[in-house]
Structures are given as structure tokens and as C-alpha cells.
Amino acid sequence: MKTVLIPALLLASPALAQDRVLTVYAEDYIASEWGPGPKIEEGFEAFCDCDLQFVTGDILPRLLMEGQGTEADIVFGLNTDLTARARASGLFKPHGQDTSDMSLPIEWTDDIFLPYNWGETAFVYDTTRLENPPASFEELLEAPDDLKIVIQDPRSSISGLALLLWVKKVYGDDAPEAWAKLAPKVLTVTRGWSESYGMFTSGEADMVLSYTTSPAYHIAAEDDDTKRAAIFPEGHYFMTELAAQVASTDQPELAQQFMDWILTPEFQAAIPLANWSLPAKLPQADWPQVMRDLPRPDTTLFYSENEAEALRQPALDEWQRAFR
Amino acid sequence: MAAGLPLSLGHLVAAALATLILGTLAAVAWWAGGLGGLTEWDWRALWFTLWQAALSATLSAALAVPVARALARRRFRGRGLLVTLLGAPFILPVIVAIMGLIAIFGRNGAVNEGLRALGLPEIGIYGWQGVILAHVFFNLPLSVRLILQGWQSIPSERFRLAASLGFAPRDIARHLERPMLRAVLPGTWLAVFLVCLTSFTVALALGGGPRATTVELAIYQAFRFDFDLGRAATLGLLQIALCVGAMLAARRIVVPQAFGTGMDGGEGPPAPGGWRRGADALVITLAALFLLWPMMAVVVTGLPRIPLLPPEVWQAALRSVVMAIASALLAVGACLALALTIARGAGRWVEAAGMLPLIASPLVLGTGLFILLRDAATPQQMALPVTVAVNAAMALPFGLRALIPAAQALQQDYGRLADALDLRGWARLRHLTLPRLARPLGFAAGLAAALAMGDLGVITLFASDQPTLPLKLYQLMNSYRMADAAAAAVLLMGLSFALFWLFDQGGRLDA
């Protein structure tokens, strides 16, 4: 058995061709062939004279366990709601980019974590199934309980946590009452975004917690404009994904080169249609038409990482009580 | 030496398993600098975990008895195929099964559409009832198989003797079937209970909210969101304590099974006529409908797109198949060593060690292995071998449940004879043990291969640059490609099922 198995496994291993290797820790969906990873790899390798290797998995827990001994040169795909702990580890060094002129709806002053994309949380619906979607968060709360929504669990999903912070930002101390109204409409709470979205597309739920940019996929890839994000005047919660370089990197020049590349138009132009999110630094005129046409919320809501970290546990308790 | 070989091997496997499960837990606790405290929500999760697992196990075992009895005593065309097909839900990847259950029992599912058409109130699967429904869907097949094997393990001479003594069905039940059920049911109940204890995705997808939080989800949260490894270790320890407690409780009611020596006949128990005939047909039809309909729904949705799946999906499928076969061979070897040792009356700890993987939290296991092995190899290097080994370990308890009664019967029936004939070592394995245990061994290998096939497991924690098919399925879903994901789900289901069928049939060839 062994003699058969071992060559088979070796064949499956990627070949190591070069000495100059940039190791990028990334969330799994980024590096898959349907994410932005392949374009990023190809684009960077075209000029870096190096081999960019994605290492995927649960990146933050893994990085925290590896500590100074980590092989990572770059960490790609962290979320603002988790950066407080990432920062406290002291494993990162400044990105060295000018962030004064980003195309973000908020000001960005963080010198460690660099946004490469953004979007907002939103409830997505299907116009053929829901003719009169709620026009505001308040209308959603007051909607009849047979309007069914699926959301993600804030304990296992980043978008689920963003919803928690969204409700907290809109309703503040009244968040428990808001959740009490929302809870009967929650058909179920899934582990991750993909399970929720699958339930929505298969017709189980009327609305799904997703992103303002989700309809772009259906328009661009499926020529289907029946999926819309309900835009609420109370505002939508900001979500961004971040890159950072690891201080203990053995390839400091390559790592810096990569960080310098992230905000360039070449990199940014690859984001919208591969990541289905908005580019962090690209004039709107250069966005794909489908992204420019998407309805935009007037207000973007956001907690700083310290606020988010402080609010996380109390908000989680409130949320769990609402469903008790 | 000959008697010592399987004995020492079994002990070795048991020790390795205990080290794997408890060692990784200790590693996590050591890394965290001790065990962490639990929150109010953790205790709620524990309570929910316990009662849903108990209810799921009771329902699965109770419903399995009439189904197994009907299958054991009826002969009809396609019976063999049906028995194999009814086993399928157990080896379905969770995400695929949930798709199927929703297609049938969901808000827009076939059942509710039928109810609406009839003007009847709809049923809701989101909530604790959905969790129980899914657990029964998953575990009814396992229970049926284990109990059916119990029925088949009663030598047909016994039934013939009973017939010649003029036994009515109730006499047969009292003298032959109930003793068998007393031997098989506690183990079946326990196996399902333990499977449901570590449930994670089911409870999250169908539970309807945080009320349906299981301990495994609490571990995930502690690990992933709080990075509180101490609390994760405490919760992992709690799961193991539950496992040991449940096993001790179940041990007390187990009555050893002894039916004496008999020739093997394939005819099974007598098939009573009259109303029992109709009842059996109804039971078999209902079970087939409940178990096969959701799978059919998935197949219908996904099948047409399979030819359109990109090559990466096929590569991942090939990798998964190779890994699953490796896991199956490893699992079945370990399983045989353990079962033979247990059959010779080894200490209870050997059997307990064999059941441990069932309750081990994959997250704690993966994290512990990461901590222990990080100096020896990079996660990318260890991802595939570790996944193969962990999947083999995870499948062991199921194989053991099927193999232990058969190995015990073998030892009781032939042990002394073989010893007297000085049939030992390899010759004994080849001429006695393997032929006599071929069926449960094939079943165990099939289960192990299929479970490994559907496992997302610890590989995602390490590295996913060599993705398996389930991971590809998630990647497709994560990039909005739901139709392709449905096709990949059918492919995954088909491959799991094919692997199971091949091994299971292989086991029946000799028998």
C-alpha cells in the first residue's frame, strides 16, 4: 500500500522551483481558482522574479500559534473585527503606504493593516420572490414575521459578526429590542456565508445577510438582475479585507514589494470581478460598469477595531439572549 | 507469539489512539497554559448537546428495529441493492445531506408544497426538530446496518430449530431476537449518541439559532474567535468525559451475545405471513422514502452540470479518492487488531480507546497535532498524511461496532477449536479470521473510505493548497457558484457511495 500511496502523494505536491519565495497566508477562498488569488500570483510573479506561494487555512489562529517562528511573509485577508488581536501579537510591521487618498467611504489611518477591498453588509433579496422589500432597517424589524431571513452565526462567521455590529451601531442600547423583533424572522443561522447564500438562492429564504456587492456577481456572471441588495437609510456596516507584512519575514524586500503593489491600479483592477467587492484605491470611473451601476448606501457605519473588540462579547450576549 | 501478535498489536493501536486523542488535547491545554473556565453559554450548549443527542439516538435506534427486522426476514428483488442504498445517508457529506433535507422538508420543499396544495398547515424544519430530523436521517442507516448485522449473526440453524419446535413469531422474538437486540442496541444507541454529541454543521444550519448550539460549536468559537485555547481544551475534555460516562452507562446493560456454533446460511429469520407481511412492506417503503428522497433531490439538481465541472474539481476528486482508500486500509487494519484483542477479553480500556475518536473534537485534534508536529514538518507537508491518519482514526469506532460482535462470536465459536488445532498467526488470520469476518471488515472499510471522502476536517486548519473535494465544494459555494457546487456535491456523493459499495461488496464475496 505504501509504495502505491507515497508516489501518488508526492505527485500531488507542488514543485519548488525558486529560492526567492514569498509566502502569503490567505483565507482559503482567496487562493482558490475562483478567487482573486491566481490573478494576484500571476501579476506579482510577472515582475518580482520570485515564486509567490499561497498558504491557506485558518490564518489568524495559525499565525498566533506560530508566533515569531512563522514562515509567513504576508498575511492576506484579515478582517477589521479581528485586527485588534492580530495587532496585539506584535508580529507585523508597517505597510509604508500612503492611505490618505483611498476610495473608501471612511478615513484609513492604520499604518499596519492595509485594505485591499471593501464592501458593506446588506440583505439581498430576489425581485421575483419579494416584490416589496423593506426600505429601511426599521421596516425590516416591523415586517411581518413570515418574511424569512437567513443570517450567519457571529461566533463562526465574519459577516455574522458584522451584522451584530451593524445592529449595535444603528440601535445602540436598543439593540436587544431590535434583535427581539428580528429573531422571529430569522429562519436559521448558518455557520458561514456560503450555506446561507445557498439557502437563499434555492428559495428557502426571502432575504439573506450578504454584501451590497453581491448582486454584481449575478449580473456579470449569470446575466441575472433579479438579485438586489436592500439599501437602508440608517446606513450599512463597512467591511474590508486587509493585508499586512510579517516583521520576522526572511524576504523583507519581496514583502515590501508586494505591499507596494497592492494599491496600484493593476492590482486594484483585478479585485472587483474576482473578489466581488470594491477596490480600495481606484477612481470610480475605473470600476467595472457592473460595480458602478450598483446602488450605493448614503451612510457607511463602522466601529474602530478597539470599539469592535470591546463590543463583541456584550453584543454576542445580547444576541444569544434574543434567541433564547 | 501467535496469540501474542494480534493481542499486542491491538493494545498498541489502542495506546496510539489514546495518545492521539488525549495527547492532542493535552498539547492544546499545555499551549494555553492550563484549562480555561466556561461561560454560561457553554453550559447551555452542553445541555442542548446532551438532550438532542439522547433524543436522536433513541429515535434512530427505535426506528431502526422494525426496518432491520423487515429487511432481515424479507427476500425480494433488489433487496441487496436497497440495503446498500439505505446505508448511504450515513456516509453523505453533511453539507450535501442538508441540501437534500431542505429540498424535501424545507419551506419550499416537496413536503410543504404538498401540504400547501392540500390546504394543510406547513411543517418547519428549522429548530431543534430539524436537528433531530437530520440526525435521524444520518444515523438511521447506521443503526439499521448494525441491527441488521445482529439479525444476520443469529445462525439460521437456530431459526430452523425454532420452527421445528413450533415457535410463533413472539416466541422467536423472545428467545432469539430480544437477546440479540439486548446485545446490539446499547452499542448502536451509544454510537449514534456519540456521533450526535460532536454535531456541528447540522445544528448550525438547521438549528434555527443559537438555542441549538452544540459543544463543538463552542469549541470552534473558543478557538477561532476568542483564540482561547484553554477554554477549547476544557470543552474538549468535557466531550471526552461525556463519552466515557456514556460508555460506562451503556456497558452496564450490555449482555454478551452467545449463539453457539452454526453453519452459515443466508436465509435469515423466517418470514411470517399475514398482516406482518404488509407491515414489513410499509416499513421498508417509508424508510426508503425518508432516506432516499432527499438524496434523489440533490442528484436531480446537480447531475446535469457534472460534465461542466472544471478540471480542478476532478483533480481534487482524484486526490480525495486516493486519500480515502489509504484511510480505509489503515482503519480496517487497526480495527481488526482492536476487535481481535477485545474479543479475547482485553481490558475495557482497549474498547474505550477505540471509541475515543468518535468524541474527539476535530478542531482540538487538528490544533493539537499542529502544536505537536510543527517542529517536525511544515503544515503543508503533514496535511495529507495527517488527514489520512486522522480520518482513519475517526472511522474506527463505526467499524469497531460492526466488528466487535462478529469477532467475539468468532472467538467464542472457534477460538478453542483453533487453539486446539494449533491454528495460529498468519495461517489463522488467513483461513479463519479474515473469511469469517469478511463482511464486517468490508463494511468497516467501506464506511472508513466514505467518511474520509466526505471529510473537510483538519485539513483546512493546516493547509489547503492540495484541496480535497469537500473543500472544493466549499470554494465553489464561497465564490457564488452554487450550481457548480450542487454538481460537485453529486460527484462527492457518488464517489463516497462507490467507494463504500466496492469495499462492502468485496466483503460479501467470500461470505
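Chains as they are written, first to last, in the numbering used here: chain A, 200 to 523; chain B, 2 to 512. All residues carry an ideal CB built from backbone N, CA and C; glycine is no exception. Computed from a predicted model, the values in this text were never measured in an experiment.
Taking C-beta atoms under 8 Å as the contact rule, A/ILE229 and A/PHE275 qualify, at a distance of about 6 Å.
Per DSSP, the unbroken alpha helix (DSSP H) holding A/ASN505 starts and ends at 504-521.
In its chain, beyond the 5 residues on either side, no residue has a beta carbon closer than 7 Å to the beta carbon of B/GLY167.
Annotation for A/GLY434: no alpha helix (DSSP H) segment contains it, and DSSP assigns it neither H nor E. For the 8 Å CB-CB criterion, B/CYS244 and B/ILE405 do not form a contact.
When Cβ-Cβ separations below 8 Å define contact, B/LEU477 makes contact with chain A. Our two residues, B/PRO358 and B/ILE220, have alpha carbons roughly 16 Å apart in a direct line. Distance between B/CYS336 and A/ALA468, taken at the CA atoms: about 54 Å.
Look at the segment 47-73 of chain B: it has no residue with a C-beta under 9 Å from a C-beta of chain A. Ranking A/ARG286, A/GLN455, A/VAL388 and A/GLY268 by CA distance to the CA of B/TRP129 puts A/VAL388 first. With its beta carbon at least 8 Å from every one in chain B, A/ASP424 lies outside the interface. The CB of B/TRP42 comes closer than 7 Å to the CB of GLN519 in chain A, given here in chain order. Residue range 392-400 is occupied by the alpha helix (DSSP H) that includes A/TYR396, with no beta strand (DSSP E) assigned at that position.
Under the Cβ distance rule, B/GLY151 does not count among the residues neighbouring chain A, no pair being separated by less than 8 Å. Rounded to whole angstroms, the separation of the alpha carbons of B/ALA377 and B/GLY11 is 27 Å. Secondary structure at A/LYS480: coil, using DSSP grouped into helix, strand and coil. Within the segment 343-430 of chain A, the runs of beta strand (DSSP E) at least 3 residues long that lie entirely inside it are, in chain order, 348-351, 385-389, 406-410 and 426-429. In the three-state reduction of the DSSP assignment, A/PRO451 falls in the helix class. The Cβ atoms of A/LEU221 and A/LEU441 lie no closer than 8 Å to each other. In chain order, TYR396, GLY397, THR400 and SER401 make up the part of chain A whose C-beta sits under 8 Å from the C-beta of B/MET483. Excluding five sequence positions before and after A/SER288, the CB atoms of its chain that fall closer than 8 Å to its own CB belong to LEU262, LEU263 and GLY266, given in chain order.
Taking CB atoms only, A/LEU481 has no neighbour in chain B less than 8 Å away. The shortest CA-to-CA distance from B/GLY508 to any of B/TYR475, B/ALA450, B/PRO441 and B/HIS432 is the one to B/PRO441.
Close to chain B, meaning a Cβ-Cβ distance shorter than 9 Å, are the following residues of the segment 261-273 of chain A: ARG261, LEU263, MET264, GLU265, GLY268 and GLU270. The contact set of A/LYS347 on chain B, defined by CB atoms closer than 8 Å, consists of ARG108 in chain order. Between the alpha carbons of B/THR59 and B/TRP190 lies a distance of about 6 Å. DSSP, reduced to helix, strand and coil, places B/PHE77 outside both helices and strands of the structure shown, so it counts as coil. Counted as a single uninterrupted DSSP element, the alpha helix (DSSP H) harbouring B/GLN409 occupies residues 380-421.
Here the alpha carbons of A/SER335 and A/LEU360 stand approximately 20 Å from one another.
Residue-level contact by beta carbon fails for A/LEU493 and chain B, as no gap is shorter than 8 Å. With a contact defined as Cβ atoms closer than 8 Å, A/LYS367 and A/ALA514 qualify at about 5 Å.
By the neighbour-count criterion, in which 16 or more other beta carbons inside 10 Å mark a residue as buried, A/ASP272 falls on the buried side.
The beta carbon of A/THR327 lies closer than 8 Å to those of THR425 in the same chain, with the five residues before and after it left out. Remark: C-beta atoms of B/ALA46 and B/THR215 approach each other more closely than 8 Å. For A/PHE322, the enclosing beta strand (DSSP E) stretches over residues 313-325.
A/THR439 and A/PRO478 have their C-alpha atoms spaced approximately 10 Å apart.
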